[in-house]
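2 protein chains.
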Amino acid sequence: MLMQTAIRKGSSRQPAGRELQITSTVPELAGSVEMMGATMTFGRNGEIYGEGEQADYVYKVVRGAVRTYKVLADGRRQIGAFYLAGDVFGLEVGEEHPHSAEAVTESTVMVVKRSALIGLAARDSDVARELWAFTGRELARVQAHVLLLVKNAQERVVDFLLEMANRQPGDAIELPMSRQDIADYLGLTIETVSRTLTGLENEAAIALPNARRILLRNRSALREMNA
Amino acid sequence: MLMQTAIRKGSSRQPAGRELQITSTVPELAGSVEMMGATMTFGRNGEIYGEGEQADYVYKVVRGAVRTYKVLADGRRQIGAFYLAGDVFGLEVGEEHPHSAEAVTESTVMVVKRSALIGLAARDSDVARELWAFTGRELARVQAHVLLLVKNAQERVVDFLLEMANRQPGDAIELPMSRQDIADYLGLTIETVSRTLTGLENEAAIALPNARRILLRNRSALREMNA
DNA sequence: CGGAATATTGATCAAGATCAAAGCGAGTGG
DNA sequence: CCACTCGCTTTGATCTTGATCAATATTCCG
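Quick mapping for you: the protein sequence lines, in order, are chains A and B.
Residue numbering for the first sequence follows numbering that gives the first Met the number 0, starting at 0 and increasing by one per position.
Residue numbering for the second sequence follows numbering that gives the first Met the number 0, starting at 0 and increasing by one per position.
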């Protein structure tokens with residue numbers, strides 16, 4: 000049942016345009032953790048970290064978009080999440096990254112040492128609580144992903160659109176990712192994603208000015224068809 | 000590792016035979032948390048907690064098996080996990096339970112107040128770390144569930160069998176749950192689960208002495224077909 | 001025993017995958 | 001400035017997997 004991207008072809012595989020520049024900033028992990036971090040920029044499809052690598056750093060998207068994914072034994076790719084500006088990713092409880100992470104578009108991320116956070120948490124229970132809460136939100140997100148994957152194609156696509164819409168203001172969605180990325184996130188093929196979007200456009204639920212831009216024309220209708 | 004004979008509640012059947020009796024024990028949450036807990040016994044299909052309820056207690060299965068699940072808008076049920084003897088469940092980061100929990104068979108669980116754990120964690124960073132680690136393991140489990148749900152029927156069933164086999168010694172699996180439970184966990188129908196098991200038996204990969212007992216005849220063949 | 005719940009098996013259907021062919025759009029070089 | 005190309009997306013035709021509908025078998029208990 001080959002569906003998702005069978006082979007990660009190296010096509011436009013940018014040499015992971017990694018560009019590091021030290022910056023001093025004071026962002027927050029997820030609400031209350033102050034940290035200093037370096038900033039790095041990755042080109043489109045640049046690898047941020049690989050599955051199984053030591054999880055020594057925690058990341059925050061400053062600009063752009065990041066996807067985490069796993070490649071299954073048969074070569075298919077399953078995307079676990081998309082992270083947009085402001086989102087933290089790569090913070091693991093264990094010692095290594097269970098997924099790989101790549102920049103979807105050219106992206107800037109802030110980096111902080113995991114050990115620094117863990118050290119803080121050992122002394123400050125508020126920080127410890129913050130780390131736990133972060134993992135709890137990831138857990139809730141993945142649980143929602145499970146529910147998505149047992150729905151039919153239209154429901155999955157609508158779920159995805161509503162999720163993306165909730166993460167940016169307005170009724171227009173500017174998609175940083177390709178149809179293949181969407182398909183690999185939803186467990187569908189690009190053809191099914193494309194046909195479903197066309198169908199929604201025909202039902203006047205959305206408009207597709209171009210492939211990367213989607214306008215929600217009737218959000219409540221969308222909410223209903225997502226069951 | 001968890002011996003404490005609960006005075007049993009009589010047979011008890013359906014109506015969520017909830018019966019509480021205080022016991023003094025010293026089990027551990029997941030490695031290092033000492034806690035005192037009361038013991039409760041639930042009849043088959045007895046409700047332990049409902050989705051959306053306050054998550055004031057944390058549970059540990061002493062005997063039996065527990066399932067957590069959500070009911071989708073269209074009435075379908077998605078099982079999130081099965082917890083067997085020794086497993087902790089119901090520990091949430093947030094204030095309420097995102098799933099419902101029921102006893103699969105008559106089960107005894109130990110209960111401890113969540114607030115007690117959180118209170119401990121505020122003073123003892125090892126406990127805090129333990130709570131975080133627990134949620135991290137749940138996260139890993141749900142991530143594995145996502146990967147399972149994008150596989151084909153045979154792969155899902157084999158995944159399930161290997162998972163269950165790894166949780167009990169030997170090559171015989173004693174299933175506490177029905178075909179419907181398995182189907183709702185795997186995102187399949189009971190017919191597909193049944194046919195797939197029959198198929199595996201015909202291929203001599205497993206044996207089915209009866210519906211609730213499965214023998215793994217060829218574990219490496221199973222591992223291969225699960226891709 | 002008898003009856004209800006659970007499981008298996010069979011026949012058919014449909015959603016979505018696969019295979020195949022255009023269409024589109026942005027960047028490149030003549 | 002235009003034509004060409006490359007990668008991405010859409011559309012079409014067909015096939016396959018697992019769902020659905022239906023009947024039979026088995027198990028569990030009262």
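Note that beta-carbon positions come from the ideal geometry of N, C-alpha and C, so glycine has one too.
Scanning the region 134-214 of chain A from its first residue to its last, the whole alpha helix (DSSP H) runs of 4-plus residues come out as 152-165, 178-185 and 189-201.
In the DSSP assignment, B/L83 is bridged to B/A64. With the rule of 3 Cβ pairs closer than 8 Å, the region 164-182 of chain B does not count as touching the region 124-140 of chain B. Taking CB atoms only, A/T40 has no neighbour in chain B less than 8 Å away. Shown here for A/D158: same chain residues with a beta carbon closer than 6 Å to its own, the five before and five after excluded, namely L147 and N225 in chain order. Under the three-state reduction of DSSP, B/A54 is assigned to coil, being neither helix nor strand. Taking 8 Å as the CB threshold, B/T134 lines the interface with chain A. If you check each beta-carbon in the region 63-80 of chain B against every beta-carbon of chain A, the ones closer than 9 Å belong to K69, L71, A72, D73, R75, Q77 and G79.
Comparing alpha-carbon positions, the option among B/A102, B/E162 and B/N209 lying closest to B/V60 turns out to be B/A102. For B/A226, the closest Cβ of chain A is nearer than 8 Å. Interface flag for A/H96 against chain B is unset, since no Cβ pair is found closer than 8 Å.
Nearest CB-CB separation between A/L130 and chain B: below the 8 Å threshold.
DSSP places A/A115 inside the alpha helix (DSSP H), whose first and last residues are R113 to R122. Ranked by how close their Cα comes to the Cα of B/D73, the residues A/N151, A/L71 and A/A37 have A/N151 in first place. In this model, B/D125 and B/G198 are separated by some 48 Å (Cα to Cα).
As computed with DSSP, B/A102 is found in a beta bridge with B/V65. The C-alpha of B/R166 is placed about 14 Å away from the C-alpha of B/L214. Neighbours of A/A127 across chain B, judged by C-beta separation under 8 Å: A120, S124, A127, R128 and W131. Against chain A, the CB of B/E101 has no partner CB under 8 Å away; the residue lies outside that interface. Two segments are said to touch when three or more pairs of C-beta atoms, one from each, lie closer than 8 Å; by this definition the region 77-95 of chain A touches the region 178-185 of chain A. At a cut-off of 8 Å, the C-beta of B/A220 has no neighbouring C-beta in chain A. Judged by DSSP secondary structure, A/E223 falls within the alpha helix (DSSP H) whose first and last residues are R218 to M224.
Contact of B/L199 with chain A is not assigned, every C-beta pair being separated by 8 Å or more. Secondary structure of B/V126 (DSSP, three-state): helix.
For A/G186, at least one C-beta of chain B is nearer than 8 Å to its own C-beta.
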